[in-house]
Amino acid sequence: MQSVAIFNTRGGSGKSAATVFLADFLSTMFQKRVLVVDLDPQQSSSVALLGDERLMAGFKAGQSLSKLIERSLSEELDEASVREAVMVRPRTSRGRKGTLYLAEVAVLACEREDWHDLDDYLRDRPASRRPATVTLLRGLLERVAEDYDIALIDFPAHETGPMTQLGLRAADWWLFPCVPDRAGIRDLEGPGKAIREAYKDHKRQIRGLGTLLSICQSASSSEYRQAYQTLIEASERQHIPRLFSNKARLLIWTGARNALDDTLWGEQTTLHHKYKDKPLYEAIRALCKEVLERLDLPEDEVRIQFSLLEGFNRRMREFFIRAGGRDRSAQTAAGSLPTART
Ligand SMILES: Nc1ncnc2c1ncn2[C@@H]1O[C@H](COP(=O)(O)OP(=O)(O)OP(=O)(O)O)[C@@H](O)[C@H]1O
Ligand SMILES: [Mg+2]
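My numbering applies: residue -19 is where the sequence shown begins, and numbers increase by one.
Here it is as structure tokens:
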């Protein structure tokens, strides 16, 4: 398993959106086993993936990352304990062969109150205990490293304390989501500083995976062009990771907001249905390809555009019915084209 910190100290930079989009596409279209580690007490990515009800039911059943971290302070936890804390956004059902029904995504989420208590508790620990505690989350994720290909770690805004440091130290890579506007580029050295602080006195360093231009206004505006130039310069100075290509940038889309709204998704939702805004769909697909290439993981893309196939099937059926034949598609294997009349 390779773990990726989706990290920016600035709020509203698209961290949770990037986490959810990557989780949906990497699991569904690229067949990766994805674990989302939601280190934000606001739980935006957990709610978007699981929905409120499933999340609350999970907490009630004791499935909580904050509880797990708390327990690991005083006892050695085995892989079964970590597995028990994982909640699952199940694969959407009714999938026919070749359809891009949403694949399963695993989620580790923190309870709000616990998160703050834990952050305070860790902050008050004597400095001599720091090396042992800062690697707690990495240790827990290592227990289930065989279960997943990629872990995506979502972070809270404006927090650089102990809980954020646990997440940064658990990560192998840093993906930097950034809004390319005046506010978004104001403190480009801030996230790097937090990372250096988490890794001080440590040999292994986190590696830059990429800078993602997220929630971008029109790419032709002068504000965008100036911000873009500043980001290029910051990446050349190695303050931020190198940019993903322009194909992978996420412009402002209404579809993006909808994709994060858990109330709109049910048991039969497909990837196409959830991300029906085509430019958004293509941008996330391009982003996944670049992420997989930089992680040196195989692409394994499921290429079937089911919505097109479905449309084609329907038109064929209508044609046969109009031509006076029977609708034989019901007799054929699910999802396959109707056979010609004899
Ligand atoms: N491409 C997009 N187009 C339009 N709206 C978007 C897009 N990406 C994200 N948003 C919206 O922008 C807001 C901020 O995004 P998001 O919550 O992902 O940022 P964040 O960095 O996780 O914020 P926080 O720091 O509060 O955790 C959200 O309301 C989200 O729905
Ligand atoms: Mg967020």
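Where a beta carbon is used, it is the ideal one built from N, C-alpha and C, also for glycine.
Starting from residue i and walking both ways along the alpha helix (DSSP H), at which residues does that stretch end?
| i | result |
| --- | --- |
| Trp245 | Here Trp245 belongs to no alpha helix (DSSP H), and DSSP marks it neither H nor E. |
| Ala336 | The first residue shown for the chain is -19 and the last is 322, placing residue 336 beyond what the model contains. |
| Ala207 | 202 to 216 |
| Glu262 | 258 to 275 |
| Pro278 | Unbroken run through Pro278: none, as it is neither H nor E. |
| Glu145 | Looking at the sequence shown, residue 145 is not Glu but Gln. Here the alpha helix (DSSP H) through Gln145 covers 142 to 150. |
| Leu231 | Premise fails: Leu231 is in no alpha helix (DSSP H) and is neither H nor E. |
| His253 | 251 to 254 |
So, with DSSP's three-state summary, where would you put residue i?
| i | result |
| --- | --- |
| Gly190 | strand |
| Trp95 | helix |
| Leu168 | coil |
| Phe286 | Here the model assigns Phe286 a pLDDT of 47, short of 50, so the residue's position is not dependable, and the following value carries that caveat. Three-state DSSP puts Phe286 in a helix. |
| Ala89 | strand |
| Leu240 | coil |
| Ala174 | helix |
| Gly(-9) | coil |
| Ser309 | Its pLDDT being 37, under 50, Ser309 is placed unreliably by the model, and the measurement read from it follows with that caveat. If DSSP states are grouped into helix, strand and coil, Ser309 belongs with the helices. |
According to DSSP, which residues form a beta bridge with residue i?
| i | result |
| --- | --- |
| Phe135 | Phe135 is not bridged to any residue. |
| Ile130 | Gln(-18), Val14 |
| Val159 | Per DSSP, none; premise fails for Val159. |
| Val120 | The question names Val, but residue 120 in the sequence shown is Leu. Paired residues: none, contrary to the question. |
| Leu102 | Looking at the DSSP assignment, Leu102 forms no beta bridge with any residue, so it has no partner. |
Taking the continuous beta strand (DSSP E) assigned at residue i, which residues delimit it?
| i | result |
| --- | --- |
| Ala83 | That residue, Ala83, is in no beta strand (DSSP E); it is neither H nor E in DSSP. |
Minimum length 3: unbroken beta strand (DSSP E) runs contained in the segment 1 to 69: 14 to 18, 67 to 69
At least three beta-carbon pairs within less than 8 Å, the segment 234 to 252 to the segment 81 to 96: yes
At least three beta-carbon pairs within less than 8 Å, the segment 155 to 171 to the segment 3 to 15: no
Stretch-stretch touch, CB-based, cutoff 8 Å, three pairs: the segment 193 to 207 with the segment -14 to 1: yes
Stretch-stretch touch, CB-based, cutoff 8 Å, three pairs: the segment 112 to 124 with the segment 30 to 41: no
Three CB pairs or more closer than 8 Å across the segment 89 to 96 and the segment 260 to 277: no
Inter-stretch contact (C-beta, 8 Å, three-pair minimum) for the segment 135 to 144 and the segment 207 to 215: no
Validate contact between the segment 211 to 228 and the segment 9 to 20 using beta carbons, cut 8 Å, 3 pairs: no
At least three beta-carbon pairs within less than 8 Å, the segment 56 to 63 to the segment 120 to 134: yes
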